[in-house]
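Have a look at the structure below, then the notes.
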Amino acid sequence: MAQSVRPYTNQIRTALNQALCIQVFPSQTIERQSHPEVETRDSPELLLPPVIVKRNEKEHGLIESSVNSCRVSLKLHAGDALEGALVRLLSRFLAQR
């Protein structure tokens, strides 16, 4: 099973490496402030096209990036109680800032 997951995780790793090349970019509308462009969507020219990495219908990821921020959404499949507990722990860890 680990071999079947490897291409999927490699695609996610490649997409994240590309999306996380962000830099400090001041706001074009408000002076001396920097807002995450993925959240505000003020300047469409600063947004990159979203990347969807899909293994199957139950497991996929969406990576939205801009010049100064990145948003990652993951949908993980939890088959049994142990996998469900692991997904909850991972989700809680990722939600902490």
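18 is the number of the first residue of the sequence shown in this note's numbering; add one for each residue after it. Where a beta carbon is used, it is the ideal one built from N, C-alpha and C, also for glycine.
Original post:
Straight-line CA distance for L111 to L91?
Top reply: If you number the sequence shown from 1, residue 111 lands on position 94. If you number the sequence shown from 1, residue 91 lands on position 74. Looking at the two C-alpha atoms, the distance is approximately 10 Å.
Original post:
What's the C-alpha gap between L101 and R23?
Top reply: Locating residue 101 in the sequence shown gives position 84, counting from the first residue. Locating residue 23 in the sequence shown gives position 6, counting from the first residue. Checking the sequence, you will find Gly at residue 101 rather than Leu. Near 21 Å, if we compare the C-alpha coordinates of R23 and G101.
Original post:
What separation, rounded to the nearest whole angstrom, lies between the Cα atoms of L65 and E56?
Top reply: Position 48 of the sequence shown holds residue 65. Position 39 of the sequence shown holds residue 56. Those two C-alpha atoms are separated by around 13 Å.
**OP:** Below 6 Å CB to CB, which residues in the same chain sit around I29 once its five sequence neighbours on both sides are set aside?
**Re:** Locating residue 29 in the sequence shown gives position 12, counting from the first residue. Only V70 and G78 meet the Cβ criterion.
Original post:
When we look at the beta-carbon of A36 and count the other beta-carbons within 10 Å, is it buried (16 or more) or exposed?
Top reply: Here residue 36 refers to the residue found at position 19 of the sequence shown. Result: buried.
Original post:
Could you give the distance in angstroms between the alpha-carbon of Q45 and the alpha-carbon of D59?
Top reply: Against the sequence shown, residue 45 aligns to sequence position 28. Against the sequence shown, residue 59 aligns to sequence position 42. Their Cα atoms are separated by approximately 9 Å.
**OP:** Under the assumption that V89 contacts A95 (Cβ atoms under 8 Å), give the Cβ distance between them as a whole number of angstroms.
**Re:** On the sequence shown, position 72 is the one that residue 89 refers to. On the sequence shown, position 78 is the one that residue 95 refers to. Wrong, their Cβ atoms sit about 18 Å apart, outside the cutoff.
Subject >> For N34, three-class secondary structure by DSSP >> reply: To locate residue 34, count along the sequence shown from 1; it is residue 17. If DSSP states are grouped into helix, strand and coil, N34 belongs with the helices.
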